[in-house]
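Trainee: I have a structure I would like to understand better, so I am pasting it below and will then ask my questions one at a time.
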Amino acid sequence: MIKLIGILIIIVGFVLKLDTLAVVLIAGIVTGLVAGVPFHKIVEILGKAFVDNRYMSIFIISLPVIGILERYGLRERAAYVIGKIKAATVGKVTSLYLALRTLAAMFGLRLGGHVQFIRPLILPMAEGAAMNRYGEIKSEDHERIKGLEAAVENYGNFFGQNAFVAAGGVLLIVGVLKELNYTVEALDIAKASIPIALIIMVVGTLQFFYYDRKFDQKYGIRTRSKKENR
Amino acid sequence: MLKDSLTEILYIMMGIVSFYSAYATLKEKNHPSKIPTALFWGLLGIILQFSRIGLLWGNKNIYIPDIYTGYMVIVLTLLSAFRLVKIGKFDESTSEFKEQMSQKIGNLIFVPALALGIVTFIVAQIWTKQLGSLVAFWISTVVAAILALVITKGKVKEMADDGRRLLEVVGPISILPQLLAALGAVFTVAGVGEVIASGIKTIIPQGNILLGVIAYCVGMALFTMIMGNAFAAFAVITAGIGIPFVIAQGGNPVIVAALGMTAGYCGTLMTPMAANFNIVPTAILEMEDKKYGVIKYQVPVAIAMLIIHIILMYFWAF
């Protein structure tokens with residue numbers, strides 16, 4: 001049981017918001033010591049695991065490329081292209097972003113982010129769509145839309161990323177399984193992650209369209225007249 | 001042999017990016033924490049580039065002993081823990097310039113960005129057996145870098161500076177994945193997985209595939225919620241539950257592991273421990289509920305996804 005002390009240290013460290021790297025290092029050293037591993041041996045294990053897993057920082061080599069593209073307006077262009085697509089409802093705007101975000105993640109593209117995309121672009125588009133459709137909406141519904149737009153970024157990012165062969169999660173899976181004596185290729189892990197990437201697009205879209213219906217019922221009138229005009 | 005040499009080139013490229021940060025930090029006037037910051041990126045560069053440098057020309061005997069690397073990692077962690085690694089000054093382009101260039105260059109700017117993913121995918125598809133996916137990744141990066149320079153007509157110096165800017169924005173946390181992997185290695189040596197597995201063995205009967213799958217998926221989600229990070233949970237729960245209760249019963253390791261990881265992400269959606277995904281955005285979007293404003297919309301989707309993971313693993317991996 002005492003060997004679980006490392007997990008306890010991680011929990012306490014995270015709850016107290018201590019420096020993450022330090023907490024993880026201390027958890028490792030303490031766990032090794034209580035298990036009777038000598039200190040120098042722990043340091044050696046640490047060094048070996050770090051070297052064996054250098055590939056996890058693979059993203060470092062793509063930073064100069066992404067950086068120079070940002071300098072020459074990549075994000076602005078992406079915003080421009082997405083902004084041209086006029087969608088009528090919160091659900092449609094959000095679902096479209098979910099599809100784009102998930103696909104981008106599947107190709108290993110870091111086109112997204114709460115700061116870069118949600119606040120300046122997707123949230124204003126979703127709120128604009130709501131105002132068009134319902135007129136003024138209550139502040140509680142503004143909060144709802146914010147919550148959904150923050151969530152969509154996470155859905156696409158999390159469940160799309162592992163379909164990319166060089167994603168951190170994929171490489172970690174390969175590394176951990178190797179330690180456990182199962183040899184798998186990163187490409188096969190990426191392929192096995194594709195169904196979940198497709199499923200999140202469906203499940204997320206269901207949630208966003210559920211809120212469309214909820215808003216329609218709440219603010220109904222303008223919607224119905226629009227539907228009749230179609 | 002060839003694969004090892006080519007893989008080593010990847011680490012040399014990573015080292016160069018890190019060394020450039022150290023170099024530019026030293027050259028910068030009035031850096032708020034010059035020596036410690038340069039030391040951090042310099043040491044990281046040494047570990048990345050030289051720890052197995054002999055493999056480049058096929059000589060396994062030229063390397064940095066792991067115990068020295070271990071102490072260097074401890075120094076890196078201390079520099080981060082005492083907040084000594086600071087972000088430098090960068091000449092980022094103005095938003096007017098970005099706007100203007102994005103109109104001038106147009107959609108061509110997407111080509112290098114897409115090349116990163118697509119070239120990796122193509123090279124990996126054709127030569128995975130011979131080269132492995134890591135080599136494909138650096139080849140695609142070189143292709144994308146050349147395309148980026150041609151299309152933007154930017155300078156190599158700008159590219160180096162932008163690489164430094166992004167690396168320092170990510171900061172010391174960029175070594176967290178390796179550190180968590182190292183934690184996993186210590187846990188494995190100490191036998192933490194066995195302790196957890198033996199605890200769970202008393203609850204789950206051996207030989208029931210469905211219960212094993214449920215225990216693995218739910219275990220990944222719960223442990224991720226506790227740790228705030230699916231990566232940290234993955235090594236422990238896979239060794240403790242995934243292998244003995246799912247893979248050992250005939251589950252396909254590739255499918256089980258891939259779904260196990262994303263089952264963990266379901267946990268990430270539900271925990272305030274994953275602050276950068278669930279807490280920081282409430283501030284960015286100026287929400288009223290600073291704690292559960294985002295999480296409360298994610299919980300129903302996370303639970304639905306978790307159930308789907310269990311069903312998918314049960315039918316697809318066996």
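First to last, the protein sequences are chains A and B. First residue of the first sequence? That's 1 in my numbering, and the numbers climb one at a time after it. First residue of the second sequence? That's 1 in my numbering, and the numbers climb one at a time after it. All residues carry an ideal CB built from backbone N, CA and C; glycine is no exception.
Short of 7 angstroms Cβ to Cβ, which residues in the region 175 to 209 of chain A face chain B?
Mentor: From the region 175 to 209 of chain A, only Gly175, Val176, Leu177, Glu179, Leu180, Tyr182, Val184, Glu185, Ala186, Leu187, Asp188, Ile189, Ala192, Ser193, Pro195, Ile196, Ile199, Ile200, Val203, Gly204 and Gln207 have a Cβ closer than 7 angstroms to chain B.
Trainee: As a quick exercise: from Ile303(B), Pro65(B) and Ile74(B), pick the residue whose alpha carbon is nearest that of Ala182(B).
Mentor: Taking only the C-alpha atoms, the option nearest Ala182(B) is Ile74(B).
Trainee: Cβ closer than 8 angstroms: which chain A residues qualify as neighbours of Lys325(B)?
Mentor: In the structure as shown, chain B starts at 1 and stops at 318, and residue 325(B) therefore has no counterpart that could be examined.
Trainee: Would you mind giving the Cβ-Cβ distance between Ala81(B) and Ala22(A), rounded to the nearest angstrom? I have them listed as a contact below 8 angstroms.
Mentor: With 8 angstroms as the limit, Ala81(B) and Ala22(A) qualify as a contact, their Cβ atoms being about 4 angstroms apart.
Trainee: Compare the C-beta of Ser95(A) with all C-beta atoms of chain B and state if any pair is closer than 8 angstroms.
Mentor: Chain B contact via Cβ: absent.
Trainee: Kindly indicate which three-state DSSP category Met225(B) falls into: helix, strand or coil?
Mentor: In this structure, Met225(B) counts as helix in the three-state DSSP scheme.
Trainee: What three-state label does DSSP hand Val218(B) in the structure shown?
Mentor: Here Val218(B) sits in helix by DSSP.
Trainee: Would you say Arg213(A) faces chain B, with C-beta separation under 8 angstroms as the test?
Mentor: Cβ-Cβ to chain B under 8 angstroms: no for Arg213(A).
Trainee: Please report the residue range of the alpha helix (DSSP H) in which Ile308(B) lies.
Mentor: Ile295 to Trp316 is the extent of the alpha helix (DSSP H) around Ile308(B).
Trainee: Can you name the start and end residues of the alpha helix (DSSP H) that Gly91(A) belongs to?
Mentor: Per DSSP, Gly91(A) belongs to the alpha helix (DSSP H) from Val90 to Met106.
Trainee: Check for me: the alpha helix (DSSP H) holding Glu140(A) runs from which residue to which?
Mentor: Start and end: Ser139 to Gln161.
Trainee: Gly220(A): which of Val165(A), Arg144(A), Ala130(A) and Pro195(A) sits nearest, CA to CA?
Mentor: Comparing Cα positions, the closest option is Ala130(A).
Trainee: Among Gly242(B), Val143(B) and Tyr63(B), which residue has its Cα nearest to the Cα of Gln49(B)?
Mentor: Nearest of Gly242(B), Val143(B) and Tyr63(B) to Gln49(B), Cα basis: Tyr63(B).
Trainee: Tell me the DSSP secondary structure of Arg165(B) in three-state form.
Mentor: In the structure shown, Arg165(B) sits in a helix (DSSP, three-state: H, G or I).
Trainee: Measure how close the beta-carbons of His114(A) and Glu153(A) come, nearest whole angstrom, since I'm counting them as under 8 angstroms.
Mentor: Right, their Cβ atoms sit about 6 angstroms apart.
Trainee: Checking contacts by CB at 8 angstroms: is Leu131(B) closer than that to chain A?
Mentor: False, the Cβ-Cβ gap to chain A never drops below 8 angstroms.
Trainee: Leu44(B) to His142(A), Cα distance in whole Å?
Mentor: Rounded to the nearest angstrom, the two C-alpha atoms are 45 angstroms apart.
Trainee: DSSP three-state label for Gln49(B), please.
Mentor: Helix.
Trainee: Just the C-alpha distance for Leu187(A) and Tyr134(A), rounded to the nearest angstrom, thanks.
Mentor: Looking at the two C-alpha atoms, the distance is approximately 47 angstroms.
Trainee: Measure from the C-beta of Ser5(B) to each C-beta in chain A and report whether the shortest distance is under 8 angstroms.
Mentor: Answer no: the Cβ-Cβ gap between Ser5(B) and chain A never drops below 8 angstroms.
Trainee: In the region 55 to 69 of chain A, which residues sit with their C-beta less than 9 angstroms from some C-beta in chain E, listed in chain order?
Mentor: No chain E appears in the structure shown, which is made up of the protein chains A and B.
Trainee: Is Ala129(A) helix, strand or coil by DSSP?
Mentor: Helix at Ala129(A).
Trainee: Excluding sequence positions up to five away, which residues of its chain have a Cβ less than 8 angstroms from the Cβ of Lys41(A)?
Mentor: Closer than 8 angstroms at the Cβ level, and outside the excluded window around Lys41(A), lie Gly32.
Trainee: Have a look at Phe315(B), Pro272(B) and Ile303(B) and flag the residue whose alpha-carbon is nearest the alpha-carbon of Val294(B).
Mentor: Looking at the Cα atoms, Pro272(B) is the closest of the given residues.
Trainee: Would you check if there are 3 or more beta carbon pairs closer than 8 angstroms linking the region 145 to 161 of chain A to the region 100 to 109 of chain A?
Mentor: In short, these stretches touch, since the Cβ pair count reaches three.
Trainee: Report the residue from Gly154(B), Thr120(B) and Ala148(B) whose alpha carbon sits nearest the alpha carbon of Ile139(B).
Mentor: Here the closest residue by C-alpha is Thr120(B).
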